[in-house]
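According to this note's numbering, the stretch in the sequence shown is residues 2 to 191, in order.
The C-beta atom is built at its ideal place from N, Cα and C for all residues, glycine as well.
Below you'll find the structure, written out as structure tokens, and then a few comments.
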Amino acid sequence: MDSVLIVTASEQNKEFFNKLLFAVYVTDITFVNNCAEARRIVSQKDFDVILVNTPLSDEFGYELAEQLTQNTTSGIMLIVKSDIADAVFEKVADYGVLVISKPISRQLFYQSLRLVAATRARMLHLRNENIKLKNKVEEIRIINRAKCILIQYLSMTEPQAHRYLEKQAMDMRMTKLEVAKRVLNTYDNY
């Protein structure tokens, strides 16, 4: 974990969070005082973790936490008073926001920070897998389209078209995708 954004209206809490994060070697800490500033800075920079210490001056803070989960890949921690923690959790649980109740113990804070960081890492891994799968599906779609064109224009069977793409890829030292794109460029204009 390298960068943390802390959204808090209290100067005293800034010092408290700064000491806690410094103890776990987080040096890139950014503080903002309200939700509007947080939205602005998040649009300019990525953060590993975002802590929202409620309530804030311009809104409570759970709306910001919900929005941040949709617009960033940051792990989000929402810090609320213990008497409303369950109610706030009900509002943000579906968004994957971790809710911590005040007062905060050091041990709970560090455990929560590790949990948020681990959850973020897992989410990023799943997102990367999703991107790879989407690319693979697109590649298959292009190759299948090229096979259809070979079947249509050169009267090949599906196995023949498949073999043709593979053989061309081997002979020309290209990927099947590159060969398929060449086939599409050649025959798609007819």
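Pull up the distance between the alpha-carbon of residue i and that of residue j, whole angstroms please.
i           : j           : result
residue 102 : residue 81  : 5 Å
residue 127 : residue 111 : 24 Å
residue 40  : residue 78  : 15 Å
residue 186 : residue 142 : 15 Å
residue 115 : residue 109 : 10 Å
residue 135 : residue 50  : 27 Å
residue 66  : residue 138 : 33 Å
residue 160 : residue 133 : 26 Å
residue 8   : residue 144 : 49 Å
residue 129 : residue 75  : 15 Å
residue 2   : residue 15  : 19 Å
residue 30  : residue 131 : 30 Å
residue 100 : residue 12  : 21 Å
residue 95  : residue 124 : 15 Å
residue 155 : residue 46  : 53 Å
residue 113 : residue 68  : 20 Å
residue 175 : residue 73  : 37 Å
Considering only DSSP beta bridges, list what residue i is partnered with.
i          : result
residue 34 : Its beta-bridge partners do not exist; DSSP assigns none.
residue 77 : 51
residue 82 : 103
residue 29 : 4
Looking at the structure shown, is residue i part of a helix, part of a strand, or coil, going by DSSP?
i           : result
residue 101 : strand
residue 174 : coil
residue 158 : coil
residue 119 : helix
residue 24  : helix
residue 46  : coil
residue 61  : coil
Starting from the Cα of residue i, find the closest Cα among the options and give me that residue.
i           : options           : result
residue 17  : 104, 163, 4, 148  : 104
residue 163 : 154, 76, 177, 107 : 177
residue 169 : 75, 21, 148, 153  : 148
residue 5   : 134, 189, 26, 48  : 48
residue 146 : 14, 166, 68       : 166
residue 153 : 28, 172, 189      : 189
residue 180 : 158, 150, 53      : 150
residue 10  : 131, 85, 52       : 52
residue 24  : 76, 64, 32, 107   : 107
residue 61  : 76, 74, 93, 173   : 93
residue 194 : 26, 96, 19, 71    : This structure cannot speak to residue 194, because the chain is shown only from 2 to 191.
residue 64  : 19, 98, 172       : 98
*When the Cβ atoms of the segment 53–68 are set against those of the segment 31–42, are three or more pairs found closer than 8 Å?*
yes
_Assess contact between the segment 81–91 and the segment 116–125, defined as three or more Cβ pairs (one per stretch) separated by less than 8 Å. Is contact present?_
no
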